[in-house]
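**Q** Structure provided below as structure tokens; questions to follow.
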Ligand code: LMR
């Protein structure tokens, strides 16, 4: 049987992670996988997470199963964090999932169950695993224009034109904030225009929100998701706690299915439970419990939000320092987009050969589409990267 197996395509981001590990150069710089790093290159456990974990060790009396949908308190806390009061709780079905990827996977499966003919429109580019999972599930992905290679902003005209090809029942995958991999985002007026197109076409938005708090702040980063959820008949939201709580390996995420017809909530909720049961039964609990404790405890929540704000501000500082250094070296404003982008990533818009040159000649690792993880930089590496960018001719 095993001899029938074929080699599967490697995930580009994870393959790069391995290449970086294998590179013996001491001067190498990792700007690949989307993991936050502080100025010393560490990915720390956040203070509030440590405190909640300590409390959990003391207080937790049982590791017995919780429920197929996870702890309802986790769903409530996350719904409040992401949606505020944009949608009534009676309209939201939710399930804890193993990370944001688990939520994305369950969302796609739910779409396929509900409407096997649905096509999923995805931004060009999008997180490569979106495409990989869709392909694995045999679902059709339709790219819509998103990144403008000239301005490095959003090609909004192209996006709206491509969404014109939607059919009723199609799904449009949107990044709630901090677009991965480009860092280029819509403003709220543009979001409203997208909503109008979706509603006119009878298409359903699916929002992937994995970086709330990394762009313009916890509230501002949720604004588009709230606007969408409050303006459409139905939508799906896949949320991750990996980045904003720094609980990457704990696999903590939530899938929400929101419908204006609250009569459908029970069957929607039941479907989410069924999908969890089929795929892994009970979702992981540790990260979700830690997140719940933080969200419910005023002091922990304040400390978590403060630390997240420091993380966000440090990334903004790195962005403007890099843009400034590149302006100095190039004598032009052509890298100004780096300070405009938001979130962990920016796409340089460089050819793959130049990205390869950065890796081979300078030991600088970024994803082949020229996505760089801003959080992988520090005061020492910014001048090195800037010089290398100019040297290779980007
Ligand atoms: C990334 O885009 O680098 C992260 O979301 C990590 C991953 O799983 O790909």
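In this note's numbering, the protein residues as written are 202 to 595. Even glycine gets a Cβ: it sits at the ideal position worked out from N, Cα and C.
Smallest Cα separation from residue 581: which of 556, 277, 519?
**A** It is 519.
**Q** Hey, could you find the ends of the alpha helix (DSSP H) residue 358 is sitting in?
**A** First-last of the alpha helix (DSSP H) with residue 358: 357 to 364.
**Q** Using CA coordinates, which residue listed in 503, 543, 435 is at the minimum distance from residue 422?
**A** Closest by alpha carbon: 543.
**Q** Does at least one heavy atom of the ligand LMR sit under 6 Å from the Cβ of residue 381?
**A** The answer is yes for residue 381.
**Q** Can you give me the C-alpha to C-alpha distance between residue 403 and residue 469, rounded to a whole angstrom?
**A** Distance between the alpha carbons of residue 403 and residue 469: 19 Å.
**Q** Find the nearest neighbour of residue 368 within the set 556, 399, 360, judged by alpha-carbon distance.
**A** Among 556, 399, 360, the Cα nearest to that of residue 368 belongs to 399.
**Q** Under 5 Å, CB to any heavy atom of the ligand LMR. Which residues pass, going along the chain?
**A** Residues flagged by the Cβ proximity filter: 214, 234, 235.
**Q** In whole angstroms, give me the CA-to-CA distance for residue 508 and residue 362.
**A** Those two C-alpha atoms are separated by around 40 Å.
**Q** Report all residues from its chain with a CB closer than 7 Å to the CB of residue 584; omit the five preceding and five following residues, and keep chain order.
**A** Closer than 7 Å at Cβ, skipping near neighbours: 526.
**Q** Do you know how far the Cα of residue 547 is from the Cα of residue 572?
**A** The straight-line gap from Cα to Cα measures roughly 6 Å.
**Q** Among residues of its own chain, excluding the 5 on either side of residue 447, which ones have a beta-carbon nearer than 8 Å to its beta-carbon?
**A** 237, 244, 245, 246, 247, 250, listed in sequence order.
**Q** Closest to residue 426 by C-alpha separation, out of 223, 401, 552, 376, would be which residue?
**A** For residue 426, the nearest C-alpha among the options comes from 376.
**Q** DSSP state of residue 445, grouped into three classes?
**A** Residue 445: coil per DSSP, three-state reduction.
**Q** Return the first residue and the last residue of the alpha helix (DSSP H) that residue 404 is part of.
**A** Premise fails: residue 404 is in no alpha helix (DSSP H) and is neither H nor E.
**Q** Between which two residues does the alpha helix (DSSP H) holding residue 236 run?
**A** Premise fails: residue 236 is in no alpha helix (DSSP H) and is neither H nor E.
**Q** Sorry if obvious, but does the Cβ on residue 388 come closer than 6 Å to a heavy atom of the ligand COA?
**A** Of the ligands one can find in the structure shown, namely the ligand LMR, none is the ligand COA.
**Q** Which one of 274, 401, 316 has the shortest CA to CA distance from residue 432?
**A** For residue 432, the nearest C-alpha among the options comes from 401.
**Q** Unbroken alpha helix (DSSP H) runs of length 4 or more, entirely within the segment 524 to 554: which are they?
**A** Here the runs fully enclosed are 538 to 541.
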